[in-house]
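> Can you keep this structure in mind? I'll have questions shortly.
In structure tokens:
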């Protein structure tokens, strides 16, 4: 779990090191730079008060760890992205027995709309163009045994098929 800048170690965290009362799982996932600040994303494997292990995203800012989201449990964050002075993260939140796709902007989570015919989803990647936030991911239909690709523009879902064009 090492991040280098110009050939020199910028941040190093051992997998067996205790961080915020848990252990880092699978190393760093993503990195982003906002202004002069370097952010690194990792997942924390942490034992809860009930003895069950929760997964929480850890965001390192210039080497200092903090939880990305303390309001939700069983969060999976897969990517971070910088746009201007804002830091975005994307993934899913486990809520009401399903995974809900979500976007965090500067640490505040927003659930993404999912189609009525679906029972959950995950967001994988995003890009920001001006004031528009585009997210790509997948949703899980009730009647099919496969996930369908989905794109969200400013939180509104549009599932994709071979003939879909995205309105920008």
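Residue numbers (my numbering): 58 to 225. No residue lacks a Cβ here, since even glycine has one placed at the ideal position from N, Cα and C. Keep in mind that this is a model prediction, so the values were computed, not measured.
(1) Just to confirm my understanding: we take residue 219, look at its own chain, exclude 5 residues before and 5 after, and list those with CB closer than 7 angstroms. What are they?
(2) Going by DSSP, what residues sit across from residue 149 in a beta bridge?
(3) Can you give the Cα-Cα distance for residue 115 and residue 192, rounded to whole angstroms?
(4) In the DSSP assignment, what residue or residues form a beta bridge with residue 173?
(5) Do the CB positions of residue 89 and residue 155 come within less than 8 angstroms of each other?
(6) Between the C-alpha atoms of residue 207 and residue 184, what's the straight-line distance to the nearest angstrom?
(7) In the DSSP assignment, find the unbroken beta strand (DSSP E) run with residue 124 in it and report its ends.
(8) With distances taken Cα to Cα, identify the nearest neighbour of residue 198 among 131, 175 and 164.
(9) Measuring straight from C-alpha to C-alpha, what distance separates residue 146 and residue 216?
(10) Our contact map puts residue 119 next to residue 91 with C-beta atoms below 8 angstroms; I'd like the distance itself, whole angstroms only.
(11) Along the beta strand (DSSP E) that carries residue 216, what are the first and last residues, could you check?
(12) Assuming contact is defined by CB atoms lying nearer than 8 angstroms, are residue 169 and residue 212 in contact in what I supplied?
(13) Using the beta-carbon count (16 or more within 10 Å), is residue 186 buried or exposed?
(14) Using the three-state DSSP reduction, which class does residue 100 fall into: helix, strand or coil?
(15) Under 8 angstroms, do residue 196 and residue 171 count as touching if we go by C-beta distance?
(16) Would you mind giving the Cβ-Cβ distance between residue 112 and residue 97, rounded to the nearest angstrom? I have them listed as a contact below 8 angstroms.
This is what the structure gives:
(1) Residue placement at residue 219 cannot be trusted, given a pLDDT of 49 that sits under 50; what the coordinates show is reported in the next sentence. Counting only Cβ-Cβ distances below 7 angstroms, and skipping sequence neighbours, we find nothing.
(2) 133 and 158
(3) 21 angstroms
(4) Residue 173 is not bridged to any residue.
(5) no
(6) 14 angstroms
(7) 121–124
(8) 175
(9) 21 angstroms
(10) With 8 angstroms as the limit, residue 119 and residue 91 do not qualify as a contact, their Cβ atoms being about 11 angstroms apart.
(11) 213–216
(12) yes
(13) exposed
(14) strand
(15) yes
(16) Not quite, the Cβ-Cβ distance comes to about 17 angstroms (not below 8 angstroms), so this is no contact.
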